[in-house]
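A.B. asks:
Numbering (the numbering used here), first residue to last: 19 to 175.
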C-alpha cells in the first residue's frame, strides 16, 4: 500500500518562528517521486545518524549550489538570502561549500537552536533520506495554513 501523505508532529524549537513544538503537519510523500525538492521548501527527512528519527528543516541549497554562512548571513551561489522568516541571524558559520550531487543543504529557521547541515551528524542530506515536503499545518486549527516557501528563494540562481 502506498500512502501519498503522512502526518508529523513538530518536535522541538528548531523551526521557530515558522513552526512551533507540538504543531502538526501533513507531509506530501509522493511529489518528490516526480520532481526534485526545491530551495525554501520545508521537508521531513530521516536523521542520518539514526534513520528511525525524523527531522523537519528548510532546504537552503540544492545539488550544485555553493552555500555559506558568513557573519550571520546565509549565502547561496554568492547571493545573500534576505530571510524575513527567521528571528535571529546564525551565530554558527559555515565555510563555502558546494552541495554534492544527490544531496541537500538544510537549516532550521531557528538558526541558533537547530541540528542541521552545519552539524556533522546531519551534513548534506542525501536525497533518499527525504521523506517528503510539508504542505499543510493542520494543528492547532487556529494556525491552519498551507506551507509555502518564501518568495526570496525564487530569486536565487
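Glycine included, each C-beta is placed from N, C-alpha and C at the ideal position. Nothing here was measured: the structure is a model prediction, and the numbers come from that model.
1. Going residue by residue through the stretch 52-138, where are the continuous beta strand (DSSP E) segments of at least 3 residues, counting only ones entirely within it?
2. Give every residue of the same chain whose Cβ lies closer than 7 Å to the Cβ of residue 103, excluding the five residues on either side of it in the sequence, and list them in chain order.
3. Specify whether the stretch 85-92 and the stretch 106-123 touch according to this definition: at least 3 beta carbon pairs, one from each stretch, less than 8 Å apart.
4. State the start and end residues of the unbroken beta strand (DSSP E) segment that holds residue 26.
5. Can you tell me whether residue 42 is helix, strand or coil according to DSSP?
6. Would you kindly report the start and end of the unbroken beta strand (DSSP E) that includes residue 148?
7. Relative to the alpha-carbon of residue 72, which residue among 80, 24, 170 and 82 has its alpha-carbon at the smallest distance?
8. Among the residues of its own chain, which have a CB less than 6 Å from the CB of residue 124, if the five just before and after it don't count?
9. For the putative contact between residue 80 and residue 55, defined by C-beta atoms under 8 Å, what is the C-beta separation to the nearest angstrom?
10. Should residue 150 go down as buried or exposed, given a rule of 16 or more other Cβ atoms within 10 Å for buried?
11. Exposed or buried, which one is residue 110 when buried takes at least 16 other CB atoms within 10 Å?
12. Apart from the five residues just before and just after residue 100, which ones in its own chain have a Cβ nearer than 8 Å to its Cβ?
13. Note down the Cα distance separating residue 94 from residue 159, rounded to an integer number of angstroms.
14. Answer with buried or exposed for residue 96, where buried requires no fewer than 16 other C-beta atoms within 10 angstroms of its C-beta.
15. For residue 105 and residue 121, I'd like the C-alpha separation in whole angstroms.
16. Can residue 33 and residue 139 be called in contact, C-beta distance under 9 Å?
C.D. replies: Result, derived from the coordinates:
1. Fully enclosed beta strand (DSSP E) runs of 3 or longer: 60-65, 68-79, 84-88, 91-94, 112-116 and 121-125.
2. By 1-based counting over the chain shown, the position of residue 103 is 85. Only 36, 127 and 168 meet the Cβ criterion.
3. yes
4. Taking the chain shown and counting its residues from 1, one reaches residue 26 at position 8. First-last of the beta strand (DSSP E) with residue 26: 23-27.
5. By one-based count along the chain shown, residue 42 stands at place 24. In the structure shown, residue 42 sits in a strand (DSSP, three-state: E or B).
6. If you number the chain shown from 1, residue 148 lands on position 130. Per DSSP, residue 148 belongs to the beta strand (DSSP E) from 148-157.
7. On the chain shown, residue 72 is found 54 positions in, with the first residue counted as 1. That would be 24, whose Cα lies nearest to the Cα of residue 72.
8. As a working mapping, residue 124 is identified with position 106 in the chain shown. So the list reads 75, 77, 134, 135 and 143, once near-sequence residues are dropped.
9. Along the chain shown, read from residue 1 onward, the residue named residue 80 stands at position 62. Along the chain shown, read from residue 1 onward, the residue named residue 55 stands at position 37. Right, the Cβ-Cβ distance comes to about 7 Å (below 8 Å), so this counts as a contact.
10. Here the question's residue 150 lines up with position 132 in the chain shown. Result: buried.
11. By one-based count along the chain shown, residue 110 stands at place 92. That one is exposed.
12. Position 82 of the chain shown, counting from 1, holds the residue named residue 100. So the list reads 170, once near-sequence residues are dropped.
13. On the chain shown, residue 94 is found 76 positions in, with the first residue counted as 1. On the chain shown, residue 159 is found 141 positions in, with the first residue counted as 1. For residue 94 and residue 159, the distance between alpha carbons rounds to 35 Å.
14. What you label residue 96 is simply residue 78 of the chain shown in a count that begins at 1. Exposed, because fewer than 16 other Cβ atoms sit within 10 Å of the Cβ of residue 96.
15. In the chain shown, residue 105 corresponds to position 87, counting from 1. In the chain shown, residue 121 corresponds to position 103, counting from 1. The alpha-carbon atoms of residue 105 and residue 121 are separated by roughly 27 Å.
16. On the chain shown, position 15 is the one that residue 33 refers to. On the chain shown, position 121 is the one that residue 139 refers to. No, these two residues do not count as a Cβ contact at 9 Å.
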